[in-house]
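Asks:
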Amino acid sequence: MRKNCATFCRDFRLYSCQLFFGKCHLSLSPTPQRLPMNKPTHWVDTPDALASMFEQLCRTGILAVDTESDSFHAYRPGVCLLQFATRRDIFLLDVLAFDKAELAPLKTIMEDRSILKLLHAADNDLHYLQLDLGIFTKNLFDTFLAARFLDLPKRGLGPLLDERFGVQTSKKYQRLNWRMRPIPEGALVYAAMDVRFLIELYEQLSAELAEAGWLDAVEQESLLMLEKNYTLKPFDEEGFWKIQGAKGLSGRKLSVLKSLYLWRHTRCLETNIAAVFILPDHALLRLAQRTPRSIKQIERLLSIDPRKFRMMGEGLLQAIQDGLNTPPPQRVLKRRNKPYRRPVDSELFDVLRAWRLDTAQKDELEPGLLAPNSLLQELARTPPADMVALAQIDGLLKWRLSRYGDDLLDILRKYQEQKEIVSDED
Numbered sequence: 027m028r029k030n031c032a033t034f035c036r037d038f039r040l041y042s043c044q045l046f047f048g049k050c051h052l053s054l055s056p057t058p059q060r061l062p063m064n065k066p067t068h069w070v071d072t073p074d075a076l077a078s079m080f081e082q083l084c085r086t087g088i089l090a091v092d093t094e095s096d097s098f099h100a101y102r103p104g105v106c107l108l109q110f111a112t113r114r115d116i117f118l119l120d121v122l123a124f125d126k127a128e129l130a131p132l133k134t135i136m137e138d139r140s141i142l143k144l145l146h147a148a149d150n151d152l153h154y155l156q157l158d159l160g161i162f163t164k165n166l167f168d169t170f171l172a173a174r175f176l177d178l179p180k181r182g183l184g185p186l187l188d189e190r191f192g193v194q195t196s197k198k199y200q201r202l203n204w205r206m207r208p209i210p211e212g213a214l215v216y217a218a219m220d221v222r223f224l225i226e227l228y229e230q231l232s233a234e235l236a237e238a239g240w241l242d243a244v245e246q247e248s249l250l251m252l253e254k255n256y257t258l259k260p261f262d263e264e265g266f267w268k269i270q271g272a273k274g275l276s277g278r279k280l281s282v283l284k285s286l287y288l289w290r291h292t293r294c295l296e297t298n299i300a301a302v303f304i305l306p307d308h309a310l311l312r313l314a315q316r317t318p319r320s321i322k323q324i325e326r327l328l329s330i331d332p333r334k335f336r337m338m339g340e341g342l343l344q345a346i347q348d349g350l351n352t353p354p355p356q357r358v359l360k361r362r363n364k365p366y367r368r369p370v371d372s373e374l375f376d377v378l379r380a381w382r383l384d385t386a387q388k389d390e391l392e393p394g395l396l397a398p399n400s401l402l403q404e405l406a407r408t409p410p411a412d413m414v415a416l417a418q419i420d421g422l423l424k425w426r427l428s429r430y431g432d433d434l435l436d437i438l439r440k441y442q443e444q445k446e447i448v449s450d451e452d
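Taken in order, the sequence shown gives residues 27 to 452; the numbers are from the working numbering.
(1) Closest to R293 by C-alpha separation, out of S320, A218, M337 and L283, would be which residue?
(2) Would the beta-carbon of W240 fall within 8 Å of that of F175?
(3) DSSP state of I269, grouped into three classes?
(4) Excluding the 5 residues preceding and the 5 following E81 in the sequence, name in chain order all residues of the same chain whose CB lies nearer than 8 Å to its CB.
(5) With 16 other CB atoms within 10 Å as the buried threshold, where does Y366 fall?
(6) Out of curiosity, what's the CA-to-CA distance linking I324 and L342?
(7) What are the start and end residues of the beta strand (DSSP E) that includes V70?
(8) Please name the residue in H99, V121 and D115 whose C-alpha comes closest to that of G107.
(9) Roughly how many whole angstroms lie between the Cα atoms of W381 and P179?
(10) Note down the Cα distance separating N150 from A90, rounded to an integer number of angstroms.
(11) Buried or exposed for L152, going by 16 or more other Cβ atoms inside 10 Å?
(12) What alpha helix (DSSP H) runs, 4 residues minimum, are completely inside the stretch 117-204?
(13) For the putative contact between L252 and L283, defined by C-beta atoms under 8 Å, what is the C-beta separation to the nearest angstrom?
(14) With distances taken from CA atoms, which of R278, A173, A127 and R357 is nearest A233?
(15) What residues match up with I88 in a beta bridge as DSSP calls it?
(16) When the Cα atoms are used, what is the spatial distance from Q246 to R439?
(17) DSSP on S95, reduced to helix/strand/coil?
(18) Whose CA, out of S400, L227, G421 and L155, lies closest to the CA of G184?
(19) What are the start and end residues of the beta strand (DSSP E) that includes F110?
(20) Would you mind listing the alpha helix (DSSP H) stretches within the stretch 336-418 that are 4+ residues and don't spill past its ends, in chain order?
(21) If you measure between the beta carbons of F98 and A301, is that distance less than 8 Å?
(22) Quick check on R319: buried or exposed, where buried means 16 or more other Cβ atoms within 10 Å of its Cβ?
(23) Would you call D331 buried or exposed, if buried means 16 or more other Cβ atoms sit within 10 Å of its Cβ?
(24) In three-state DSSP terms, what is E264?
(25) Between the stretch 394-410 and the stretch 369-377, do at least 3 Cβ pairs fall closer than 8 Å?
(26) Here's the rule I'm using: 16 or more other beta-carbon atoms within 10 Å means buried, otherwise exposed. How should S248 be labelled?
(27) For chain D, check one thing: does any of its Cβ atoms lie closer than 8 Å to the Cβ of Q270?
(28) Spatial neighbours of P393 within its chain, please: CB distance less than 7 Å, with the 5 preceding and 5 following residues excluded, ordered by chain position.
(29) Under DSSP, the alpha helix (DSSP H) around Y228 begins and ends at which residues?
(30) R190: which of A130, I419 and F223 sits nearest, CA to CA?
(31) For D432, collect the residues of the same chain with a Cβ closer than 6 Å to its Cβ; drop the 5 residues on either side in sequence, then sort them by chain order.
(32) For R114, which of helix, strand or coil comes out of DSSP?
(33) Where do the ends of the alpha helix (DSSP H) carrying L286 lie?
(34) Between which two residues does the alpha helix (DSSP H) harbouring E247 extend?
(35) Pick from A213, S196, T195 and P369: whose alpha carbon is nearest that of V203?
(36) Report yes or no: do three or more beta-carbon pairs, one from the stretch 345-356 and one from the stretch 258-278, lie closer than 8 Å?
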């Protein structure tokens with residue numbers, strides 16, 4: 027791995043020069059904007075390299091960040107690669123090369139409010155940083171949110187880099203297993219490019235937002251993302267009912283499906299391999315429908331790699347036999363014990379949605395950005411009577427209050443007056 031990555035880093039400057047001529051993995055549009063100066067790229071997989079990286083990151087005031095995880099391949103995914111860019115350098119941190127304790131200074135950096143962190147479509151990155159590394163990021167600016175508030179037709183990072191810097195990135199590595207080592211050189215280039223221009227992109231977008239009057243909105247919405255506490259979704263032992271075709275089974279065949287479903291979960295935990303790569307749902311259903319009684323019968327039913335089958339054949343047969351010896355499961359409807367909440371006034375909700383649509387068209391903003399449904403529902407559930415009460419509504423934020431607070435209170439007041447008139451007439 028180190029040889030592979032050392033070669034990559036040694037050649038990256040040459041690659042960056044070739045970038046101007048449309049060679050290697052990227053190409054340039056005919057009239058690209060002037061690209062920033064070359065940034066040295068550092069592969070970080072040793073204690074010395076890690077210490078050097080920490081020292082440099084601590085001194086920066088702005089930091090581009092991205093993560094690569096094994097979410098497509100792993101049952102319990104985590105961060106495999108972390109990319110950072112300062113104004114001078116790019117760092118590719120091999121998270122798998124270190125114990126979590128060795129990465130503790132990273133938490134200090136990411137939670138330092140004096141350092142602005144730039145991410146594009148940050149939700150997924152924040153999820154893995156929080157759950158896998160225990161990092162609760164502070165001071166965030168999401169460039170994807172910025173593109174949405176500017177109503178840009180192209181909002182993905184790749185299209186934005188292409189349009190603004192003439193850089194075309196390959197999509198072939200989007201579903202790469204980032205846990206594999208060595209990482210292909212092209213994938214390292216792909217990972218580096220995710221942060222290489224993020225600071226320059228931020229500077230462009232923030233200037234455009236300031237001119238359009240949306241900068242405060244994006245800053246506040248970005249910080250709101252940081253208040254989310256992510257949780258691991260617990261395993262649902264009744265999840266086999268959701269398998270397509272399960273409702274067509276009855277009796278012992280349904281028991282077999284449940285047994286196979288639970289066996290697969292155990293296998294996924296043991297190997298940390300995603301369920302679809304252990305045995306997909308349609309294969310579980312086929313086994314439950316046919317209930318084979320021998321390994322040879324199972325092998326004939328499943329078109330899978332013989333080596334893979336040898337590791338799971340006995341387990342599959344045992345799961346089928348266990349299911350045949352178990353009474354059919356009964357579906358239990360889950361009751362959600364939620365605290366009582368005042369119902370939403372559907373008429374007021376419709377009035378608020380009509381206002382949102384009209385205002386969004388005037389302001390050239392997505393209706394969902396102007397006011398998400400959850401906010402309108404809360405207003406229609408407990409309409410505030412004044413600006414102080416309105417400011418207490420969750421998710422309203424200062425930018426909405428200053429821009430639309432008077433309009434919202436006027437709508438709520440007129441609706442209440444009309445409602446009282448109708449009530450008096452009755």
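Glycine included, every Cβ here is placed at the ideal spot set by N, Cα and C.
Replies: A quick look at the data gives this:
(1) M337
(2) yes
(3) coil
(4) none
(5) exposed
(6) 8 Å
(7) T67 to V70
(8) According to the sequence displayed, residue 107 carries Leu and not Gly. Taking only the C-alpha atoms, the option nearest L107 is V121.
(9) 24 Å
(10) 15 Å
(11) buried
(12) 130-136, 149-159, 169-175 and 183-191
(13) About 42 Å separates the two Cβ atoms, so there is no contact after all.
(14) A173
(15) L142
(16) 27 Å
(17) strand
(18) L227
(19) V105 to A111
(20) 372-389, 393-396, 399-407 and 413-417
(21) no
(22) exposed
(23) exposed
(24) coil
(25) yes
(26) buried
(27) The displayed structure is made up of one protein chain only, and chain D is not part of it.
(28) R382, L383 and A386
(29) L224 to A238
(30) F223
(31) none
(32) coil
(33) G277 to T297
(34) L241 to M251
(35) Val is not the amino acid found at residue 203; the sequence shown has Asn there. It is A213.
(36) yes
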